[in-house]
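Asker:
Residue numbers (the working numbering), protein chains in the order written: chain A, 1 to 379; chain P, 380 to 1027.
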């Protein structure tokens, strides 16, 4: 069992070390932590030596075995794609109408379906105000589409889950980035273990993520190039385009080289070893070379059941994943994992002795070794 | 205030020192009185305003001390007797005009009253105004008791007319705010008539233009000015307010002035030193009466100077003593430079007793060490710790909450520059330690404007200034002008509590009434700032989230100076006092108390005295007697346990 700590440790070990990505896990649990423009701030000192804020933070003392056992009843493995049942490709089915999606529309289809079927009494999504991604809680299937389209900066989405739980919702679905999914997994396996007889999180749809952007840096970058014109949509077409497309409200379209955009990635993302949102029920991402389809990783029974039902009822269309796509996905995920764990290891942030200092992440030594060895020669 | 104008000549009244000064001014026939509020001086102008109608006075709370002195000077130039009143800091503000006025001289008797605050009981410094008298070469008078406070003020007008220059009176907190018996004199009859004559020659102070013009002709104006001071020195030799009390040949002579006169006399009495020590109390402390001092110094070889803060009197006396040494011999001095009298803080009888005991080798200490130690220990353990805090329902607490949160959430190491007023407390936990610079009145805005221009040196921290409504007119307005012109990207938050609240709701240009209670068209801070070209927003500080958002939004704009006006009257103001907007209640079931998710944010952080932590129950409760019903705490509570209900 990992030792829980409190807000001061969260401040010193995460926020002051620039490890905080602003997932929102500590937001709206109490009056002390607030999120603004992608950054987490502690407003006032809290004197507790233990708190939910620390317990739910995915950037400190993240024990992968503990989490994996809780989510999958299996220890954490060295598989680059995490624990899963099957990997497929998918897109929105006929029941979703002719909506144009940024990729295959799988996420919107699944969430709409689950809401329509009444499996969920609400869904935590991420909407957008201008460039700024904002947490969003919806209860109607039609509302899901308002939150479609990708966001490229981190959002405190988990805070909306905190609020929904306080408001008494009992079957909540959530669409989460890998860091957010880790936070939700931590909440569900809470180290505090206080009166959580019902798990209000019904299921988690994880999103593939290779990096996000620092909001203020991104905002400045875009503003320098677009002036005051408001942004209608931002897109990164699948490789090998290597550009970000920014559509302005006046109809103009700007293309920005990804090389320049990547410089705006916060430090925190370079420590992230989880590309495919391993701690979710299903994970969804783009499919290389097929802008109309998603990659779909089914990780749990619950995820499996939901996908099958959605397919049966015409919300989702699935197909087998091509071999080269599978290879590429594995390679990319493995690579990110290796890079991040190497960096964290070099910085002394993995498996530190308890008494010495807190780790960013903990995993069995043999697994760590296998990850590092397996990926040699990649890159 | 009627007791200030109704008493018969010869009747005795218990008056506060400041009231004694007022009575003196009235007996002296003052017609025009001006000032800027500041503790411990404020009661003087206020009391004069209270009798303005009956005594046909013009009384003005000016926009700042410099303008106050200018307005009073005009009256003197037109032949009226006038008075200008301020606290010690005000003399710094007015010093530029003061220097010029002292050079041009005055016509009608004109008195500058400065009330200093040794110990900084109501100030952020214990600055000295006495040095100004020496610097600008005008006479300085210091009353040594309450009767003198009245008599010297009356006399000051006569002196001013005799030497044709401004006379300065210096009081201190304990002289201004303590009370004593004062025997009244006669109030003058007759109407004052104002006319400004200017047809005489440039250098004719009686009939010519009033011009301060020493330009490469020092002897024409500066010389005569110094002659006036020599004339005053001559008059001071016979001044009845310089008194000696003590034996014919004292073992130790105390030279003192002002409130220290009372402390010295008390100390001598407490130590039964009446036969050993004498007190030369000087009322005319600049220029010093040379012969009076010589006469008394000849009586003894040991001299102790008792005064507050700087060794001003001590040093001036030592210059004279050095000059007189061939005639009166070498003296031994005790005072601040010898370490017998502290140079910091207020004096009191105990300190004088300590100094006397040490100089005269007496065993008696001012307080037995065992007793002092025990008292200290008890004070530490038994007396609950009380930090300074805002009043319950104070809009500043709400404003600082939102400002603090906006700065923290903005997350770019922003900071707030503050200045003087109740809101100075913003540097302490009661204001969430929000202020990072505090200096003189209105200076936060200028400093913030300066920080804003450091972007070319790589500084990218957002800068905010706070400023009260009165100080906006006093000084911040000028800072705003340059900030707008230079497009300094800072945000000025105007903490508008509708009055000069800290000193007692005196009028200022933003209030629709003047010092004498007459209705006036108020100036609008928002309109003034807009006219200057600043972007202006308004918010209600009791709307915490709205205020926080407005400021966050403002800090995002880097294009120039911006103003956020937070308007909500002071909780002690006549319009809010005794009136509750809401009845507050805490649902004990809902209160999380010390649990994770709250950790007593209302009582531990927000700190309004109207909410009390009930340790036994582990919940917060409203103290109905103290709560002013502003309703703000309901929005602090993460649980919604603090409920507000519209008050009937």
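Even for Gly, the Cβ is constructed at its ideal location relative to N, Cα and C. Predicted model only: the values in this text are computed from it and were never measured.
Which residues in chain P sit within 9 Å of residue 52 of chain A, going by Cβ to Cβ distance?
Answerer: Locating residue 52 of chain A in the first chain gives position 52, where the first residue counts as 1. Near residue 52 of chain A (Cβ distances below 9 Å), the residues of chain P are 975 and 976.
Asker: Could you tell me whether the Cβ of residue 47 of chain A comes closer than 8 Å to any Cβ of chain P?
Answerer: In the first chain, residue 47 of chain A corresponds to position 47, counting from 1. Judged by the 8 Å Cβ criterion, residue 47 of chain A is in contact with chain P.
Asker: For residue 782 of chain P, which residues in chain A fall below 9 Å Cβ to Cβ?
Answerer: Within the second chain, residue 782 of chain P is the residue found at index 403, counting from 1. Going along chain A, no residue has its Cβ under 9 Å from residue 782 of chain P, so there is no contact; the nearest lies around 12 Å.
Asker: Under a CB-based cut-off of 8 Å, is residue 647 of chain P close to chain A?
Answerer: On the second chain, residue 647 of chain P is found 268 positions in, with the first residue counted as 1. Not one chain A Cβ lies under 8 Å of residue 647 of chain P.
Asker: With a threshold of 16 other CB atoms inside 10 Å of the CB of residue 278 of chain A, please say whether the residue is buried or exposed.
Answerer: If you number the first chain from 1, residue 278 of chain A lands on position 278. Buried, since its Cβ has 16 or more Cβ neighbours within 10 Å.
Asker: Measuring straight from C-alpha to C-alpha, what distance separates residue 842 of chain P and residue 859 of chain P?
Answerer: Position 463 of the second chain, counted from the start, is the residue given in the question as residue 842 of chain P. Position 480 of the second chain, counted from the start, is the residue given in the question as residue 859 of chain P. Roughly 14 Å between the two C-alpha positions.
Asker: Compile a chain-ordered list of the residues in the region 157 to 189 of chain A whose CB is closer than 7 Å to at least one CB of chain P.
Answerer: Those would be none; no residue qualifies.
Asker: Between the region 516 to 527 of chain P and the region 597 to 609 of chain P, do three or more beta carbon pairs fall short of 8 Å?
Answerer: yes
Asker: Note the first and the last residue of the continuous beta strand (DSSP E) segment covering residue 685 of chain P.
Answerer: If you number the second chain from 1, residue 685 of chain P lands on position 306. 681 to 685 is the extent of the beta strand (DSSP E) around residue 685 of chain P.
Asker: Could you name the residues of the same chain whose beta carbon sits closer than 6 Å to that of residue 551 of chain P, not counting the 5 residues immediately before and after it, in chain order?
Answerer: For the purposes of this step, residue 551 of chain P is identified with residue 172 of the second chain, where counting begins at 1. Excluding sequence positions up to five before and after residue 551 of chain P, its CB lies within less than 6 Å of the CB of 495, 497, 637 and 638, all in the same chain and listed in chain order.
Asker: Would you mind reading off the limits of the beta strand (DSSP E) that contains residue 91 of chain A?
Answerer: The residue labelled residue 91 of chain A in the question sits at position 91 within the first chain. Residues 86 to 92.
Asker: Give the secondary structure of residue 440 of chain P by DSSP, where H, G and I count as helix, E and B as strand, and everything else as coil.
Answerer: Reading the second chain from its first residue, position 61 is the one you call residue 440 of chain P. Residue state, collapsed to three classes: strand.
Asker: Looking at the C-beta of residue 798 of chain P, does it have a partner C-beta in chain A at a distance below 8 Å?
Answerer: Within the second chain, the letter at position 419 stands for residue 798 of chain P. No, no contact with chain A.
Asker: With a Cβ-Cβ cutoff of 8 Å, do residue 921 of chain P and residue 777 of chain P count as a contact?
Answerer: The residue given as residue 921 of chain P occupies position 542 in the second chain. The residue given as residue 777 of chain P occupies position 398 in the second chain. Contact: yes.
Asker: Give a yes or no on contact between the region 345 to 354 of chain A and the region 299 to 311 of chain A, applying the rule of three or more CB pairs nearer than 8 Å.
Answerer: no
Asker: Out of P:754, P:448 and P:769, which has the shortest C-alpha to C-alpha gap to residue 762 of chain P?
Answerer: Numbered from its first residue, the second chain carries residue 762 of chain P at position 383. For residue 762 of chain P, the nearest C-alpha among the options comes from P:754.
Asker: Assign residue 888 of chain P to buried or exposed, taking buried as 16 or more other Cβ atoms, counted over all protein chains shown, within 10 Å of its Cβ.
Answerer: The residue given as residue 888 of chain P occupies position 509 in the second chain. It is buried - the Cβ of residue 888 of chain P has at least 16 other Cβ atoms within 10 Å.
Asker: Please identify, using Cβ separations under 7 Å, the residues of the region 23 to 47 of chain A that lie next to chain P, in order along the chain.
Answerer: In summary, the residues of the region 23 to 47 of chain A whose CB is separated from some CB of chain P by less than 7 Å are 29, 30, 31, 34, 36, 39, 41, 43, 44, 46 and 47, in the order they occur in the chain.
Asker: Touch check for the region 642 to 649 of chain P and the region 689 to 697 of chain P: three-plus C-beta pairs under 8 Å?
Answerer: no
Asker: Between which two residues does the beta strand (DSSP E) carrying residue 392 of chain P extend?
Answerer: Sequence index remark: in the second chain, residue 392 of chain P carries index 13 (1-based). Note, residue 392 of chain P: beta strand (DSSP E), 391 to 395.
Asker: I'd like the span of the alpha helix (DSSP H) that includes residue 760 of chain P, first residue to last.
Answerer: Here residue 760 of chain P corresponds to residue number 381 of the second chain, with the count starting at 1. Looking at the DSSP string, the run of the alpha helix (DSSP H) that includes residue 760 of chain P is 748 to 760.
Asker: Whole-angstrom Cβ separation of residue 121 of chain A and residue 139 of chain A, contact assumed at under 8 Å?
Answerer: Reading the first chain from its first residue, position 121 is the one you call residue 121 of chain A. Reading the first chain from its first residue, position 139 is the one you call residue 139 of chain A. Confirmed, about 7 Å.
Asker: Counting contacts by CB-CB distance shorter than 8 Å, is residue 968 of chain P in contact with chain A?
Answerer: In the second chain, the residue the question calls residue 968 of chain P occupies position 589. Not one chain A Cβ lies under 8 Å of residue 968 of chain P.
Asker: What do you get for residue 146 of chain A, buried or exposed, if any count of 16 or more other CB atoms within 10 angstroms of its CB means buried?
Answerer: Within the first chain, residue 146 of chain A is the residue found at index 146, counting from 1. Classification of residue 146 of chain A: exposed, given that the 10 Å Cβ count is below 16.
Asker: Kindly indicate the opening and closing residues of the beta strand (DSSP E) around residue 815 of chain P.
Answerer: Walking along the second chain from the start, residue 815 of chain P turns up at place 436. Here the beta strand (DSSP E) through residue 815 of chain P covers 814 to 817.
Asker: On the DSSP letters alone, give me the boundaries of the alpha helix (DSSP H) that residue 303 of chain A sits inside.
Answerer: Looking up residue 303 of chain A in the first chain gives position 303. Taken as a continuous stretch (DSSP letters only), the alpha helix (DSSP H) holding residue 303 of chain A covers 301 to 312.
Asker: Does any residue of chain A bring its CB to less than 8 Å from the CB of residue 683 of chain P?
Answerer: In the second chain, residue 683 of chain P corresponds to position 304, counting from 1. With 8 Å as the cut-off, residue 683 of chain P does not count as an interface residue toward chain A.
Asker: Could you pull the DSSP bridge partners for residue 962 of chain P from this structure?
Answerer: Walking along the second chain from the start, residue 962 of chain P turns up at place 583. Paired residues: P:1024.
Asker: According to DSSP, is residue 622 of chain P part of a helix, a strand, or is it coil?
Answerer: Mapped onto the second chain, residue 622 of chain P falls at position 243. DSSP places residue 622 of chain P in strand when its eight states are reduced to three.
Asker: Quick check on residue 931 of chain P - is its C-beta less than 8 Å from some C-beta in chain A?
Answerer: Residue 931 of chain P sits at position 552 when you count from the first residue of the second chain. Yes, residue 931 of chain P lies at the interface with chain A (some Cβ there is under 8 Å from its Cβ).
Asker: Which ranges does the alpha helix (DSSP H) cover as unbroken runs of at least 4 residues, wholly within the region 236 to 287 of chain A, from first to last along the chain?
Answerer: 258 to 262
Asker: Determine the extent of the alpha helix (DSSP H) in which residue 642 of chain P is found, giving its start and end residues.
Answerer: Position 263 of the second chain holds residue 642 of chain P. Looking at the DSSP string, the run of the alpha helix (DSSP H) that includes residue 642 of chain P is 638 to 649.
Asker: Within 8 Å (strictly less), CB to CB, does residue 1003 of chain P reach chain A?
Answerer: One-based indexing of the second chain puts residue 1003 of chain P at position 624. Not an interface residue.
Asker: Anything in chain A within Cβ reach of residue 788 of chain P, meaning under 7 Å, just list it in chain order.
Answerer: Position 409 of the second chain, counted from the first residue, corresponds to residue 788 of chain P. Within 7 Å Cβ-Cβ: 34, 36 and 41.
Asker: Rank P:525, P:709 and P:455 by C-alpha distance to the C-alpha of residue 536 of chain P and give the top, closest one.
Answerer: Counting from 1 along the second chain, the entry for residue 536 of chain P is found at position 157. Nearest of P:525, P:709 and P:455 to residue 536 of chain P, Cα basis: P:455.
Asker: At the level of alpha carbons, what is the spacing between residue 251 of chain A and residue 1017 of chain P?
Answerer: Within the first chain, numbered from 1, the residue matching residue 251 of chain A stands at position 251. Within the second chain, numbered from 1, the residue matching residue 1017 of chain P stands at position 638. Their backbone Cα atoms lie some 43 Å apart in a straight line.
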